[in-house]
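Data block below; observations after.
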Amino acid sequence: MRLKIAIIGAGISGLSCALALERHGIYCDIYERKHTIGNLFPFGEIILQIMTRPCKDPLDFFKKFGLVLRPLNEITRIVIKSPTRKVEIRGRLGYIFERGQGKNSIENQLAQQIKSKIFFNVNANYEDLKKSYDYVVIATGNEMAAKQLTEWESVVSARVKGGILLGDFEPHSVYVWFDRSYAKSGFAYLVPLSNKKASLILVATYTLKEEIEDLWQTFLFRESLKYKMIETFETELESGMIKEHQVGNVYLVGNAGGFLEPAFGFGLANSIKTSFYCADSIVKGGNYDGKVKDVLKGIEKMVELRKEIDNMRDEDYDRLLRIIGNPFIKGLIYKTNFNIMKHMPFFIKLIKKPGQ
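The structure is reproduced here in structure tokens:
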């Protein structure tokens, strides 16, 4: 008898899960509340080589799951700025992907590969669907369902403001800023979408909705960012840990399952990984919570790192960049396959001032 599976959300997690299930001959019903595929606002998403180790090339990470995704560009230069310091890193550092509703966005690249039916403009309720489907996969990209289904422990929350810039950009270069005056314990980053267009995003932690505009203007002024801005967008973000990732016949994947990395907000790799683990559990009857343990171990390290970052001062960011700029340290981090992210919480503790 054919399994009946519903997926709520046609984002990266939902589409990845559908693709994984289709490889086993199982076609799903996908429910998407928007009228089309992709984020409402476009932006550039990066995946860095330091985040997918031991895979030396992030594209090899995708290939492990049988995915062929086309990046916009390879990242060969990252410029990191703190209040008084700047570090430039060069090498094969990662890739830029398009997000949003454009035909080359990751979401649309995945959508082109699936045959399952997508029902748009439907605000699906898992409580209703779980009665008429064998399994329901929640891939909404937010924590709302997790808070209803199981115990949710918030790790970090942030307000996000971004814009699309027009100007002259080096398409292989990414810029990152750390400054508590506008990002608090968050950060800002510029990712080129072409040599004439870029996305600029400020992630300000523990920030109220009414505060974000002032922080955004402070950021633009302090960093002298005078590009023409053709659109802006604003949203909120929360990262947390949950007790159970499968409740009865309901599965939680990607950001909806608490798999958003809380230190820097990387979610792409975990979204794909957990979606494939979910599909494997459904098809083979394995324990999903057991399968995601390796993902959770990595997230737990990032929770430690987030706690350390929350207590950093601007002078700590300056000190961090001075250390990263050391040729030996820079080589260790970026020229080897050393898993630096695993040791980052300890590293940050060492550079902070005594008594913090």
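When we follow this note's numbering, the leftmost residue of the sequence shown carries the number -11, and every step to the right adds one. C-beta: ideal position from N, C-alpha, C; glycine also. Computed from a prediction, not measured in an experiment: that's the story for all the values here.
Rounded distance between the beta-carbons of residue j and residue i, thought under 8 Å
i, j, result
"residue 1", "residue 244", "7 Å"
"residue 192", "residue 170", "7 Å"
"residue 95", "residue 25", "5 Å"
"residue 208", "residue 150", "Wrong, their Cβ atoms sit about 12 Å apart, outside the cutoff."
"residue 106", "residue 114", "Not confirmed; about 17 Å, so no contact."
"residue 119", "residue 152", "Actually they are not in contact, since the Cβ atoms of residue 119 and residue 152 sit about 42 Å apart, beyond 8 Å."
Rounded straight-line distance, which links the Cα of residue j to that of residue i
i, j, result
"residue 182", "residue 176", "19 Å"
"residue 320", "residue 109", "49 Å"
"residue 232", "residue 240", "9 Å"
"residue 287", "residue 246", "9 Å"
"residue 19", "residue -5", "6 Å"
"residue 197", "residue 279", "37 Å"
"residue 234", "residue 112", "18 Å"
"residue 269", "residue 37", "28 Å"
"residue 330", "residue 158", "31 Å"
"residue 237", "residue 63", "41 Å"
"residue 54", "residue 266", "16 Å"
"residue 339", "residue 313", "14 Å"
Buried or exposed (CB count within 10 angstroms, at least 16 for buried), residue i
i, result
"residue 214", "exposed"
"residue 82", "buried"
"residue 147", "buried"
"residue 156", "exposed"
"residue 32", "buried"
"residue 56", "exposed"
"residue 116", "exposed"
Distance CB(residue i)-CB(residue j) smaller than 7 Å
i, j, result
"residue 49", "residue 43", "yes"
"residue 59", "residue 167", "no"
"residue 318", "residue 283", "no"
"residue 327", "residue 41", "yes"
"residue 251", "residue 290", "yes"
"residue 143", "residue 253", "no"
"residue 128", "residue 230", "no"
"residue 333", "residue 303", "no"
"residue 46", "residue 34", "no"
Legend entry - Segments of 4+ residues assigned as alpha helix (DSSP H) that fall wholly inside the segment 164 to 242: 168 to 171 and 200 to 210
Legend entry - Segments of 3+ residues assigned as beta strand (DSSP E) that fall wholly inside the segment 258 to 316: none
Inset, instruction - Write down every uninterrupted run of the beta strand (DSSP E) in the segment 35 to 77 whose length is 3 residues or greater and which is fully enclosed by it, in chain order. - result: 61 to 69
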